[in-house]
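**Student:**
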Amino acid sequence: MRVVEKRQLLSAEEIGRTLQRLAHEIVEKSGGTKDLALIGVRRRGVPLSQRLAAIIRTSSSVTVPVGTLDITLYRDDLSTVAHQPVVQSNEIEFSVDGRDIVLVDDVLYTGRTVRAAMNGLFDLGRPRRIRLCVLIDRGHRELPVEATFIGSTVQTSDTEIVEVRLQEIDGEERVMLVDRVS
Amino acid sequence: MLQRLQHLLGIENLTREQITFILDQSKPFQEFQRHPLKKLATLRGKTVALAFFEPSTRTRISFATAAARLGADTMNLQAESSSLRKGESLLDTVRTLEAMRPDGIVIRHSSSGAPHFVAERLEVPVLNAGDGTHEHPTQALLDALTIRDRKGKLEGWNVTILGDILHSRVARSDIQLLGKFGTRITLCGPAMWVPRELESLAPKIHREPRIERALDEADVIIVLRVQTERMHEPALAAEEFILGYQLTAERLRLARPEALVLHPGPMIRGLEIDPVVADGTQSCVLEQVTNGLAVRMALLYHLVGGAPVDEPHPAKERSSAAD
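Just so you know, the protein sequences line up as chains A and B, in that order.
For the first sequence, position 23 matches number 23 in the working numbering, and the numbering has no gaps at all.
Start counting at 1 in the second sequence, then tack on 1000, and there's your number in the working numbering.
Pasting the structure below:
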């Protein structure tokens, strides 16, 4: 599959400012941070959740626990692929029971990843509440899923892909809109 | 790119990379065993046939639990109650199973090569749960995982295998796996149970009839079950075996200080192993059981999951779950 870059959606600086705003929103709209926890969805939700926790720590002096969730085993499309994708472990050191969880991911699209993530969380316990924080909401939902904290909403077509590139994983920092080319 | 495994028939034809991949993939399933809710929908709708033509409790339960936790259903065939007793051939039994369209077959059989026989004839992934005296690959994999976890790595250890090695498929699989990772292997047991031919199974391997020498510098000791049905052979009485080859606490001290003690089970306390050793801090037997579950889940996930081989599924333009 070949892709051609169409345009940049967020620069490195814009990503930084967006995360600052999201972190403050999370604290404001949580009615207290006592039970709050951030869980990043592999892969790119992970560095995003860690950065949000770091911003919250710096600005509010509150340490919010952060965990990592791997949703591979909960995907709804495993029986359609020839090779099973590689599984990775979760890394959640705290109990999710009674927690006010904010799931963090880079892009919200059909909503299937979030559905899988919720299934994964419910296997670990019973959170008090789960809300979703994403850097980009690109529309085209196939399930009734919504995000509470949204960095930026972008109109996209079916052939386009939103590529979030983060320093920790991609060695660069920007959000690109790319198009599939046959 | 790792060659996709279709069957798990033995350690013999697995590469080091494939073995490492299976061990790495077992880790998330180790973590899974600590979840409050141990039930996935990953293999929902899939059926795993458990064809155990030889009695087995631990391996069968382990595979059955692994399948269930992945959300799969199981078909249970057990030798005592099977139509084999009525004279049905292996091939016919297996064809009958195939007609019920399982998505995977786990097979244990008293004939070496039975899983290969089945794999050659059916379209379904086959996992070897022990064939004759040939191999028991999942046992070797869980032993390797146990060693890697406790010791930090799998390469380069001194491993002593103790007991009736001649009749042990576990030993053959262990030897072949460890041999691929630069292990120095010492085989120790009564002479007629440790034939020279076993030395061809791995690069750095030798036989040592005296247990004290065999344990010197050992990092890992794998104690094999004494198959008591053979104790009636004129050559060896239980008392003689215990005297020469039981792993006692005193003998364990001859090995390296943090040496691990592994046993595939079931143990006969007081025969091949001193109860003090079996229950001591160096004993890994319970971890082996937990690791066995993780390894079998990883194998079932990769081999039984996915699109059926003979029914091409329409390729999806976009990966739904990555959105």
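All residues carry an ideal CB built from backbone N, CA and C; glycine is no exception.
1. What number of angstroms, rounded off, separates the C-alpha of R1172 (chain B) from the C-alpha of G1163 (chain B)?
2. Does Q1018 (chain B) come within less than 9 angstroms of chain A when only Cβ atoms are used?
3. Taking the alpha carbon of I1242 (chain B) as the reference point, which residue from B:L1271, B:G1179, B:I1107 and B:Q1006 has its own alpha carbon closest?
4. Which of the three DSSP states is assigned to H1167 (chain B) in this structure?
5. For chain A, is any of its Cβ atoms less than 9 angstroms away from the one on Y1245 (chain B)?
6. What first and last residue would you give for the alpha helix (DSSP H) that runs through E5 (chain A)?
7. If you measure between the beta carbons of Q1030 (chain B) and D1143 (chain B), is that distance less than 9 angstroms?
8. Is the shortest distance between the beta-carbon of L78 (chain A) and the beta-carbons of chain B less than 9 angstroms?
9. Going straight from the alpha carbon of S157 (chain A) to that of E172 (chain A), what length do you get?
10. Helix, strand or coil: how does DSSP classify N1013 (chain B) here?
11. Short check: CB of F1063 (chain B) to CB of L1300 (chain B), under 9 angstroms?
12. Which residues in chain B sit within 8 angstroms of L124 (chain A), going by Cβ to Cβ distance?
13. Of all the options A:V62, A:N90, A:V64 and A:A82, which has the alpha carbon lying nearest to the alpha carbon of Y74 (chain A)?
14. Distance cutoff 9 angstroms, beta carbons only. Does D100 (chain A) sit that close to anything in chain B?
15. Quick one: what's F1052 (chain B) bridged to in DSSP?
16. Please classify A1249 (chain B): is it buried, with 16 or more other beta-carbons within 10 angstroms of its beta-carbon, or exposed?
17. Quick check: what's the CA-CA separation for A1294 (chain B) versus Q8 (chain A)?
18. Cβ of A1321 (chain B) less than 9 angstroms from any chain A Cβ?
19. For D97 (chain A), I'd like the list of residues in its chain whose CB is within less than 8 angstroms of its CB, leaving aside the five on either flank, ordered along the chain.
20. May I ask which residues mark the beginning and end of the alpha helix (DSSP H) holding V1285 (chain B)?
21. At which residues does the alpha helix (DSSP H) containing T113 (chain A) begin and terminate?
22. Quick one: is the Cβ of P47 (chain A) within less than 8 angstroms of any heavy atom of the ligand HEM?
23. Which of the residues in the region 1200-1225 of chain B, read from start to end, lie with their CB under 7 angstroms from any CB of chain A?
24. Are any of the Cβ atoms in chain A nearer than 9 angstroms to that of K1027 (chain B)?
25. Beta carbon of L1008 (chain B), beta carbon of K1180 (chain B): below 9 angstroms?
26. What is the DSSP secondary structure of A37 (chain A), reduced to helix, strand or coil?
27. So V1048 (chain B) packs on P1102 (chain B), CB below 8 angstroms; how close in whole Å?
28. Could you tell me which chain A residues have their CB closer than 9 angstroms to the CB of G1306 (chain B), listed as they occur along the chain?
29. May I ask you to report which of helix, strand or coil DSSP gives D1174 (chain B)?
30. Between the region 1-20 of chain A and the region 61-71 of chain A, do at least 3 Cβ pairs fall closer than 8 angstroms?
31. Which residues, in order along the region 86-98 of chain A, keep a beta-carbon less than 8 angstroms from a beta-carbon of chain B?
32. Give the interface partners of L1040 (chain B) over in chain A, defined as CB-CB distance under 8 angstroms, in chain order.
33. Does the beta carbon of D70 (chain A) sit closer than 9 angstroms to a beta carbon anywhere in chain B?
34. What did DSSP end up calling T1133 (chain B) once you bin it into helix, strand or coil?
35. Is the distance from the Cβ of I1161 (chain B) to the Cβ of I1221 (chain B) below 9 angstroms?
36. According to the neighbour-count rule (16 or more other Cβ atoms, all chains shown, within 10 Å of its Cβ), is L22 (chain A) buried or exposed?
**Tutor:** This is what the structure holds:
1. The straight-line gap from Cα to Cα measures roughly 13 angstroms.
2. Residue-level contact check: Q1018 (chain B) does not touch chain A, since none of the beta carbons of chain A fall below 9 angstroms from its beta carbon.
3. For the residues B:L1271, B:G1179, B:I1107 and B:Q1006, the minimum Cα distance to I1242 (chain B) belongs to B:L1271.
4. Of the three classes helix, strand and coil, the one that applies to H1167 (chain B) here is coil, per DSSP.
5. It does not; no Cβ of chain A falls within 9 angstroms.
6. E5 (chain A) -> not in any alpha helix (DSSP H); beta strand (DSSP E) instead, spanning R2 to L10.
7. No, the Cβ-Cβ distance between Q1030 (chain B) and D1143 (chain B) is not below 9 angstroms.
8. yes
9. 25 angstroms
10. Under the three-state reduction of DSSP, N1013 (chain B) is assigned to coil, being neither helix nor strand.
11. yes
12. Result: H1035, P1036 and L1037.
13. Closest by alpha carbon: A:N90.
14. no
15. For F1052 (chain B), DSSP records a beta bridge to B:Q1078 and B:R1108.
16. Counting the other CB atoms within 10 Å of its CB gives A1249 (chain B) a total below 16, which places it among the exposed residues.
17. 43 angstroms
18. Residue placement at A1321 (chain B) is flagged as unreliable, the pLDDT there being 45, under the threshold of 50; the coordinate-derived value follows with that caveat. Judged by the 9 angstroms Cβ criterion, A1321 (chain B) is in contact with chain A.
19. G125, R126 and P127
20. Unbroken alpha helix (DSSP H) run through V1285 (chain B): V1285 to V1304.
21. R112 to L124
22. You won't find the ligand HEM in this model; it holds no ligand whatsoever.
23. none
24. yes
25. Contact flag unset, no.
26. strand
27. 6 angstroms
28. Residues of chain A with a Cβ closer than 9 angstroms to the Cβ of G1306 (chain B) are, in chain order, L78, S79, T80, V81, A82, H83 and Q84.
29. helix
30. Because the criterion of three Cβ pairs below 8 angstroms is not met, the region 1-20 of chain A and the region 61-71 of chain A do not touch.
31. V86, V87, Q88, S89 and N90
32. L73, Y74 and D123
33. yes
34. coil
35. yes
36. Burial call: buried.
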